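Undergrad: Per this note's numbering, residue 99 is the first one in the sequence shown, and the count goes up by one each step.
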Amino acid sequence: MALADDTTAKYSEALRELHEAAGSPTGETIKRQAERRRPPLKISNQSWSDWRRGLNVPSDEAEARFLIACLKGLARRRSPEYEPPPDAWWEQTRKRALEERRAGTGRGGRPPARHPAPRGRRPVPLMPEGGPPPGDLAGREADVAELDLWLDGADTSVAVLTGLAGVGKTALATHVLHRALDTGRFGGCLFVDMQGYDPRRRKDADQVLASFLQTLGVAAGDVPAEPSAREALYRSILADCERGGRSLIVVLDNACSARDVAPLLPGSPAHKVLITSRHTLADVGGARIVELRELSAAESLAMLAGRLRAAGNRAPLTGADTEQLAETARLCGRLPLALHIAAALLICEPNMPVASLVRELSATAERLDTLEYEDLAVRAAFELSYRHLTPAQARLFRLLALNPGDTVGAEAAAALVGLNGHRAHRLLRCLRTAHLIEDGSAEGRYRFHDLMREFAGELLSAEEPASERDAATDRLLEYYEKAVSAARRAWFGLGERPSATAVRKALSWLDAERSNLFAAVALAHATGRWRRTCSLAEYLTHYAEFRHLVDDLLTAQTLALNASARVGRIQECTAAADLGIACRLAHRYDDALAHLRRALAIAENLPGTARWGNIQHDLGLTYFQMGRHADAEACHRADLAVCLSRGDVRGQAHSLTALGDAQRMRGRHLEAVVSLSEAIALAERLDAPNILLIAHGNLALTYLAWPTGPPPDYAIRHLCSMLETATAIDARRFKALAFLNLGAAYADRCPPCSHDAAVHWGQEAAKLFTELGDLRYAARALKNVGVVHARAGDPDTADACFQRALAAFTDVEMSQEIEKTRLLMWDVPPLEAPCEHSPQEAWMTEWLNELPHAILRGDTSHLRQVMFLKPVPRDGQMTLVPLVPRDEA
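1. Can you name the start and end residues of the alpha helix (DSSP H) that V359 belongs to?
2. If you measure between the beta carbons of A622 and R630, is that distance less than 8 Å?
3. Can the beta-carbon of H734 be found less than 8 Å from the beta-carbon of A756?
4. For the beta strand (DSSP E) that contains N352, what are its first and last residues?
5. Quick one: Cα of L443 to Cα of A453, how far?
6. Taking just the CA atoms, how far does I789 sit from T656?
7. Assuming V747 is part of the alpha helix (DSSP H), what are its boundary residues?
8. Can you tell me whether DSSP reads H117 as helix, strand or coil?
9. Between the segment 394 to 409 and the segment 352 to 361, do at least 3 Cβ pairs fall closer than 8 Å?
10. Assuming A380 and I373 are in contact, meaning their beta carbons sit under 8 Å apart, how far apart are those beta carbons, in whole angstroms?
11. Would you give the residue range spanned by the alpha helix (DSSP H) that C851 belongs to?
12. Under 8 Å by Cβ, that's how I've got M923 and D897 pegged, so tell me the actual separation to the nearest angstrom.
13. Quick one: residues in its chain with C-beta nearer than 7 Å to the C-beta of G121, no 5 flanking neighbours on either side, listed in chain order?
14. If you follow the alpha helix (DSSP H) that K370 is part of, which residue opens it and which one closes it?
15. Terminal residues of the continuous beta strand (DSSP E) containing E389?
16. Can you say whether R376 is buried or exposed, counting buried as having 16 or more other CB atoms within 10 angstroms of its CB?
17. Which first and last residues belong to the alpha helix (DSSP H) in which R527 is found?
18. Roughly how many angstroms separate the alpha carbons of A257 and V371, rounded to a whole number?
19. Look at the alpha carbon of L331 and the alpha carbon of T272, and state the distance between them as a whole number of angstroms.
20. Between which residues of its own chain and T426 is the CB-CB distance below 7 Å, once the five residues before and five after are set aside?
21. Restricting to Cα atoms, I'd like to know which of R766, S309, L704 is closest to L799.
22. Is it buried or exposed for N449, if we count other Cβ within 10 angstroms and need 16 for buried?
23. Out of A604, L116, L605, state which residue places its alpha-carbon closest to the alpha-carbon of K170.
24. Tell me which same chain residues have a C-beta within less than 6 Å of the C-beta of A475, skipping the five on either side of it?
25. Assign A674 to buried or exposed, taking buried as 16 or more other Cβ atoms, counted over all protein chains shown, within 10 Å of its Cβ.
26. Please report the straight-line C-alpha distance between L406 and L437, rounded to a whole angstrom.
27. Measuring CA to CA, which of A940, A162, A252, D148 is closest to G95?
28. By DSSP, does L433 sit in helix, in strand, or in coil?
29. Find out if the Cβ-Cβ distance for the pair S110, K129 is shorter than 8 Å.
30. Which residue comes first and which comes last in the beta strand (DSSP E) that contains V258?
31. Based on the DSSP secondary-structure assignment, which residues constitute the bridge partners of R545?
32. Is the segment 513 to 520 touching the segment 460 to 470 in the sense that three or more CB pairs, one from each, lie closer than 8 Å?
33. Strictly by DSSP, which residues pair up with Y471?
34. What's the call for S773, buried or exposed, on a 16-neighbour Cβ count within 10 Å?
35. For Q491, which residues in the same chain have their Cβ closer than 7 Å to its Cβ, ignoring the five residues on either side in sequence?
36. Should L704 be labelled buried (16 or more other beta-carbon atoms within 10 Å of its own) or exposed?
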């Protein structure tokens with residue numbers, strides 16, 4: 099082992115050798131292994147980086163023993179020839195290093211030794227006069243660890259810290275700079291604030307080279323006048339440093355472009371260059387790009403609380419104060435500059451309650467005014483970035499503030515500025531490169547930071563005439579109206595027959611634009627665009643119903659009904675009917691009936707029958723939810739008659755699907771099978787997946803409810819068909835319904851043999867319904883799982899499921915379900931009896947249990963082998979006969 103200049107360095111050198119022999123596991127791997135210990139150990143990425151680089155040694159004996167044991171175990175498997183020092187050596191060396199540090203004689207306890215100056219010039223100062231103090235850092239542990247690895251590595255000598263104004267790039271750069279110098283690895287640093295975004299103070303490369311050359315020992319009078327000569331001399335001196343065994347770290351803070359920094363790159367991998375910029379600077383060849391985001395909620399709170407505690411002039415923080423600080427951090431967009439200003443405001447006025455600052459920041463129109471303290475201001479930082487935009491980029495930046503939702507795509511941006519999508523996308527990328535906008539939730543979508551949106555809104559009001567704002571709003575709303583209409587036609591099957599791919603594409607677009615589309619309804623209403631309010635809300639109804647977006651739909655249709663009074667009776671009829679749908683989804687059935695009856699009364703005095711039939715359909719669905727199944731059947735028969743008279747095949751499929759469900763609930767199971775089988779046949783002919791999956795699901799429920807009907811095997815097959823379609827078009831709610839009913843079907847089939855399948859699909863249903871925010875159905879799934887466990891003789895697990903179901907039913911105030919669940923907890927069903935099956939029956943059980951798993955894997959070949967039943971007239975009665983499997987047809 100090579101000699102080192104102190105004990106900490108010896109320990110570090112041995113640790114690096116052991117780490118390499120262990121296969122160089124990442125700090126995150128070591129951290130996870132430590133957390134799995136009992137009791138768990140807390141080894142951060144930062145601590146691991148410090149130990150490996152010789153900045154420190156473990157102070158905790160348990161951490162040290164674990165670290166060495168972990169790495170030794172890995173090394174034995176990966177590098178059996180490696181012989182590490184004995185455990186006693188590690189412990190003695192660690193303790194000696196700690197003693198030296200306490201005495202101030204080891205690394206960290208004395209200043210690093212100076213390196214010799216190159217060729218007689220004076221030494222480069224470790225930190226030039228006027229150099230930056232260490233950065234005031236909060237969080238950023240992962241970023242520091244990444245930059246530490248970059249400093250230690252040889253893959254690239256340049257790193258670019260990038261992010262929006264105020265995100266803490268300079269603080270991180272100076273923090274890393276001081277850490278790097280403290281290791282003693284670097285013989286000095288060159289630092290410059292290039293002021294790249296301030297046109298009055300901006301430094302060009304020639305100025306910086308002159309300053310750097312003087313720092314490197316060149317007399318002012320000897321600095322060459324020609325830029326190329328300055329650059330050549332600069333690189334020559336740095337080459338001398340390299341030959342003398344000395345590496346420098348160069349920090350180019352606040353650079354604006356790759357062109358500005360190119361002459362300042364040393365041209366030698368021995369020296370490291372750290373650049374900070376609001377632009378990504380992807381054209382700096384070979385640079386590692388480290389993009390900083392706003393802090394996490396926990397980091398933001400820690401930063402604010404730490405600043406206040408350090409100031410020491412305020413009363414200790416209470417629990418209420420901490421909650422208000424968390425809200426302060428949220429209102430600051432978790433942007434370090436804004437957090438720094440907020441902390442300064444609280445420190446400056448120690449008697450001001452944190453809640454008072456929260457109230458000030460909550461006034462959106464004045465938030466940027468509040469976030470100013472002496473020479474610090476969020477608005478001023480943003481303005482420097484804005485000034486560097488071209489006129490076209492600046493115009494788009496301002497007009498983006500009109501977009502009502504969370505994210506924006508190229509087509510909507512194109513509508514705002516009146517350009518084609520390609521040009522708008524190029525402008526968006528320029529704004530993204532400048533970090534004036536951020537990446538959105540999906541590729542090709544972008545979003546504002548909260549504070550940046552307010553800044554753009556200020557500029558919009560100040561620099562765009564009202565006429566241009568109105569014209570841009572018209573263009574945007576027109577785009578959304580046309581686009582959602584086209585998506586609705588593709589998804590709902592109006593016009594040409596949609597494929598599953600087209601349906602999924604339309605749904606994906608609607609999902610991506612959801613926040614924009616519903617916000618567009620509100621924007622149209624707020625700006626008095628009444629007809630557009632009604633159109634947008636109407637086009638969104640069936641999508642919102644399909645995705646179960648209850649609150650969104652209630653809000654949109656309430657606005658539409660209000661707007662319709664200023665438009666006409668047709669719009670009023672549509673809005674009232676659609677608000678009835680929203681109320682049904684919200685389980686407000688009396689309100690739903692009132693709105694639907696109002697719509698029906700209007701429809702009776704309008705030309706045509708289609709609108710009247712559609713309202714009957716929605717009335718039937720409402721009666722069904724209320725348990726009024728005879729009324730539901732009557733409504734669906736009325737709707738079916740209208741569809742038959744009009745030759746509306748798609749409408750027939752819809753009405754038959756709902757009619758069959760009402761017949762099921764009235765105990766007329768064979769009639770239900772006839773209606774639903776016809777609906778499936780029509781939906782398959784139309785290639786209408788959104789009808790097909792509901793019809794398959796309703797038919798499965800009919801088989802399960804039919805005491806003398808076919809075995810549950812047929813219900814499972816229809817549920818798997820439903821699952822196939824739901825997966826193909828990404829209908830997550832219907833996927834969850836398929837899981838729920840699969841659990842019930844397996845439980846009914848053969849409880850002992852299908853116990854695991856019943857539990858699995860019930861749990862999957864509860865999980866997915868919870869993700870979708872539907873606690874009612876999640877609780878039903880949990881209740882079903884509880885019954886399965888109770889029947890299997892596992893009362894403890896059953897009780898846990900019932901308790902979770904009760905809690906959810908209580909949250910959504912479902913009194914009948916609460917009572918049913920309590921009865922189940924006391925009236926445990928009998929234990930399942932053992933069963934015996936023939937080999938053929940056992941094979942069928944295994945095949946059926948595997949069927950839904952195969953579908954979720956994308957293997958639908960099993961489903962093509964399924965035999966379904968078909969109702970056919972025989973001897974004056976309907977009889978169910980097997981259909982030939984699709985693979986054999």
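Glycine is no exception: its CB is placed at the ideal position from the N, C-alpha and C atoms.
Keep in mind the model is a prediction, meaning the values are calculated, not measured.
TA: Reading off the structure:
1. DSSP places V359 inside the alpha helix (DSSP H), whose first and last residues are 356 to 359.
2. Yes, the Cβ-Cβ distance between A622 and R630 is below 8 Å.
3. Yes, they are a contact pair.
4. 345 to 353 is the extent of the beta strand (DSSP E) around N352.
5. Their backbone Cα atoms lie some 13 Å apart in a straight line.
6. Distance between the alpha carbons of T656 and I789 is about 27 Å.
7. Here the alpha helix (DSSP H) through V747 covers 747 to 763.
8. DSSP places H117 in helix when its eight states are reduced to three.
9. Not touching, per the Cβ criterion.
10. Not really, about 12 Å apart at Cβ, beyond 8 Å.
11. Note, C851: premise wrong, no alpha helix (DSSP H); not H, not E.
12. Rounded, the Cβ-Cβ distance is 7 Å, consistent with contact.
13. The residues are L172, R176.
14. From DSSP, K370 is part of no alpha helix (DSSP H) but of the beta strand (DSSP E) over 370 to 375.
15. E389 -> beta strand (DSSP E) spans 386 to 389.
16. By the beta-carbon neighbour count (other beta carbons within 10 angstroms, threshold 16), R376 is buried.
17. Unbroken alpha helix (DSSP H) run through R527: 519 to 531.
18. Distance between the alpha carbons of A257 and V371 is about 6 Å.
19. Separation of L331 and T272 (C-alpha to C-alpha, rounded to the nearest whole angstrom) is 26 Å.
20. If we look at T426 and ignore the five residues flanking it on each side, its Cβ neighbours are L402, A440, V452, L455, V456, L459.
21. Out of R766, S309, L704, R766 has the C-alpha closest to the C-alpha of L799.
22. Exposed, because fewer than 16 other Cβ atoms sit within 10 Å of the Cβ of N449.
23. When A604, L116, L605 are compared, the shortest CA-CA separation from K170 is found for L116.
24. Taken in chain order, the list of residues that qualify is empty.
25. It is buried - the Cβ of A674 has at least 16 other Cβ atoms within 10 Å.
26. C-alpha separation (whole angstroms): 11 Å.
27. Only positions 99 to 987 of the chain appear in this structure, which leaves residue 95 out of reach.
28. In the three-state reduction of the DSSP assignment, L433 falls in the coil class, being assigned neither a helical nor a strand state.
29. In this structure, S110 lies away from K129, with their beta-carbon atoms at least 8 Å apart.
30. Taken as a continuous stretch (DSSP letters only), the beta strand (DSSP E) holding V258 covers 256 to 260.
31. Answer by DSSP bridge pairing, in chain order: T505, E536.
32. Too few Cβ pairs lie closer than 8 Å, so no.
33. In DSSP, Y471 forms a bridge with L474.
34. It is buried - the Cβ of S773 has at least 16 other Cβ atoms within 10 Å.
35. L525, C528, L529.
36. Here L704 is exposed. Its C-beta has fewer than 16 other C-beta atoms within 10 Å.
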